[in-house]
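Take a look at the structure set out below.
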Ligand code: ASP
Ligand code: MG
């Protein structure tokens, strides 16, 4: 017997028929003798509709009331799934965030879970009951509903799994797992059977939109094993020891460490270069301090070693949407910083090569650069970490670069 959390996203509960299909997945696990908690999202599109209504009511709405509106989508699906499970002879009960006391901080609209008492759920397991939990919500210190930010039911599921010490947290979604790159760009992308938390964090923040980034962070901290799999597989027919899906787990659990696991990319990056910046202590602080205060998210940062110790060049990237704001902030701080020329280019793409094994292999970066040069792709900036090489290029070359790198590291489907 295992204790498992099953999470179903919006497309998996989009209508009553799909919820029936979800119920069959749950029934299968219950019949296998497992203790099951289910976390559900709102029906596909519902949350966006509710957000729209709140905005239409007033653009300056109270965040607490926003939360009470947008959390309602999950309440509906939790109740519907409980009813359908009961009709299939499975004992089930729905739970809202406040009922199991999923406690959060006070940041309404983007709250963080601070504590969950798993005891009540475990008591229900002991009487053979399935807990159907509304995702995306908890209760704040003000005793009001707080939502966890868009995509937050992934985080609800991981938090519940940690609280009840689950053996596994299954994330059922509309894709069958995590791929080596975006299959829309490279049809030869393959499904990864295992990926480490660290790699997944890089992939999630770089565009593989499978899981809320925060849920992966939480899973890593609490060592909750995540299984991403499709809810559209036949619920009964699949052999449970042999189905498609991606296990996201700690690095130690991965026996065959790949040098490169995947190629990710982010569009809509803007490059900013400060030319002939004075080379003295405090300059980087003078550049990035005001940008941080203006809430501009700076990503890649590259600074040159100056030739004679007097002036240098500094290049960094910000999201396209923040470019204008960033330029205004920099112009305003020009005297303080002391640069001569401010250059910027919107519409860049960052392509990243990710793999936990690259730290212990020589030549991984050189392979990328050689491949890009053979394809005539010009590199604008490079940053690296222990498990990632990121390369900034012109958007026109994005797809070419992703395919070239995917192939050169041997990730293409045979
Ligand atoms: N229903 C919420 C959303 O659409 C939470 C989730 O689905 O994870 O953002
Ligand atoms: Mg989601």
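In our numbering, the protein residues as written are 45 to 458.
Where is the CB? At the ideal position from N, CA and C, for every residue including glycine.
Just so it is clear, the structure is predicted and the values come from calculations on it, not from any experiment.
Let me check you understand the geometry: is the CB of residue i closer than 6 Å to at least one non-hydrogen atom of ligand 1?
{"i": "residue 58", "result": "no"}
{"i": "residue 259", "result": "no"}
{"i": "residue 85", "result": "yes"}
{"i": "residue 91", "result": "yes"}
{"i": "residue 180", "result": "yes"}
What I want to know is whether the C-beta of residue i ends up closer than 6 Å to one or more non-hydrogen atoms of ligand 2.
{"i": "residue 53", "result": "yes"}
{"i": "residue 195", "result": "yes"}
Going straight from the alpha carbon of residue i to that of residue j, what length do you get?
{"i": "residue 104", "j": "residue 332", "result": "30 Å"}
{"i": "residue 239", "j": "residue 292", "result": "5 Å"}
{"i": "residue 482", "j": "residue 178", "result": "Nothing about residue 482 can be read from this structure; the chain reaches only from 45 to 458."}
{"i": "residue 288", "j": "residue 169", "result": "28 Å"}
{"i": "residue 69", "j": "residue 161", "result": "26 Å"}
{"i": "residue 128", "j": "residue 113", "result": "24 Å"}
{"i": "residue 386", "j": "residue 410", "result": "31 Å"}
{"i": "residue 64", "j": "residue 372", "result": "54 Å"}
{"i": "residue 150", "j": "residue 131", "result": "38 Å"}
{"i": "residue 356", "j": "residue 317", "result": "11 Å"}
{"i": "residue 368", "j": "residue 175", "result": "48 Å"}
{"i": "residue 32", "j": "residue 296", "result": "Residue 32 cannot be examined here, being either before or after the span of the chain that is shown, 45 to 458."}
{"i": "residue 107", "j": "residue 264", "result": "30 Å"}
{"i": "residue 205", "j": "residue 270", "result": "10 Å"}
{"i": "residue 197", "j": "residue 142", "result": "15 Å"}
{"i": "residue 388", "j": "residue 321", "result": "15 Å"}
{"i": "residue 155", "j": "residue 186", "result": "12 Å"}
{"i": "residue 380", "j": "residue 421", "result": "36 Å"}
{"i": "residue 345", "j": "residue 254", "result": "27 Å"}
{"i": "residue 46", "j": "residue 78", "result": "5 Å"}
{"i": "residue 370", "j": "residue 329", "result": "15 Å"}
{"i": "residue 376", "j": "residue 366", "result": "16 Å"}
{"i": "residue 165", "j": "residue 144", "result": "8 Å"}
{"i": "residue 21", "j": "residue 408", "result": "Lying outside 45 to 458, the shown extent of the chain, residue 21 is not represented and no answer is given."}
{"i": "residue 136", "j": "residue 167", "result": "13 Å"}
{"i": "residue 319", "j": "residue 428", "result": "23 Å"}
{"i": "residue 454", "j": "residue 301", "result": "14 Å"}
{"i": "residue 350", "j": "residue 294", "result": "41 Å"}
{"i": "residue 444", "j": "residue 227", "result": "13 Å"}
{"i": "residue 159", "j": "residue 382", "result": "48 Å"}
{"i": "residue 163", "j": "residue 211", "result": "16 Å"}
{"i": "residue 299", "j": "residue 94", "result": "45 Å"}
One question on the structure: do residue i and residue j come within less than 7 Å of each other, judged by their Cβ atoms?
{"i": "residue 290", "j": "residue 272", "result": "yes"}
{"i": "residue 256", "j": "residue 184", "result": "no"}
{"i": "residue 306", "j": "residue 398", "result": "yes"}
{"i": "residue 51", "j": "residue 215", "result": "yes"}
{"i": "residue 199", "j": "residue 111", "result": "no"}
{"i": "residue 54", "j": "residue 92", "result": "no"}
{"i": "residue 138", "j": "residue 122", "result": "yes"}
{"i": "residue 134", "j": "residue 213", "result": "no"}
{"i": "residue 245", "j": "residue 260", "result": "yes"}
{"i": "residue 325", "j": "residue 364", "result": "no"}
{"i": "residue 146", "j": "residue 96", "result": "no"}
{"i": "residue 225", "j": "residue 446", "result": "yes"}
{"i": "residue 393", "j": "residue 442", "result": "yes"}
{"i": "residue 83", "j": "residue 201", "result": "yes"}
{"i": "residue 58", "j": "residue 88", "result": "yes"}
Please report the Cβ distance between residue i and residue j, rounded to the nearest whole angstrom; I am assuming they are in contact, meaning their Cβ atoms lie under 8 Å.
{"i": "residue 327", "j": "residue 335", "result": "The pair is not a contact, with the Cβ atoms about 13 Å apart (cut-off 8 Å)."}
{"i": "residue 80", "j": "residue 48", "result": "6 Å"}
{"i": "residue 439", "j": "residue 416", "result": "That belief does not hold up - the Cβ atoms of residue 439 and residue 416 are roughly 15 Å apart, past 8 Å."}
{"i": "residue 436", "j": "residue 347", "result": "Actually they are not in contact, since the Cβ atoms of residue 436 and residue 347 sit about 15 Å apart, beyond 8 Å."}
{"i": "residue 395", "j": "residue 362", "result": "Actually they do not touch by this definition, with Cβ atoms about 17 Å apart."}
{"i": "residue 242", "j": "residue 400", "result": "6 Å"}
{"i": "residue 148", "j": "residue 457", "result": "Not confirmed; about 42 Å, so no contact."}
{"i": "residue 189", "j": "residue 115", "result": "5 Å"}
{"i": "residue 430", "j": "residue 403", "result": "5 Å"}
{"i": "residue 275", "j": "residue 74", "result": "Contact flag wrong, Cβ pair sits at about 16 Å."}
{"i": "residue 140", "j": "residue 119", "result": "6 Å"}
{"i": "residue 30", "j": "residue 247", "result": "Because the chain here runs from 45 to 458, residue 30 falls outside it and cannot be looked at."}
{"i": "residue 433", "j": "residue 412", "result": "6 Å"}
{"i": "residue 312", "j": "residue 354", "result": "Actually they do not touch by this definition, with Cβ atoms about 35 Å apart."}
Please determine whether the Cβ atom of residue i lies at a distance below 6 Å from any heavy atom of ligand 4.
{"i": "residue 121", "result": "Absence of ligand 4 from the depicted structure is noted, with ligand 1 and ligand 2 being the only ligands included."}
**Request:** Could you pull out every unbroken beta strand (DSSP E) segment of at least 3 residues lying fully inside the stretch 102–158, listed in chain order?
**Result:** 136–139, 146–148
**Message:** Could you tell me which whole alpha helix (DSSP H) segments of length 4 or greater appear in the stretch 222–280?
**Reply:** 241–249, 257–266
**Prompt:** Which full runs of the beta strand (DSSP E) of 3+ residues lie inside the stretch 362–433, going along the chain?
**Reply:** 385–398, 425–429
**Completely contained alpha helix (DSSP H) runs for the stretch 161–215, where each covers 4 or more residues** = 163–170, 197–207
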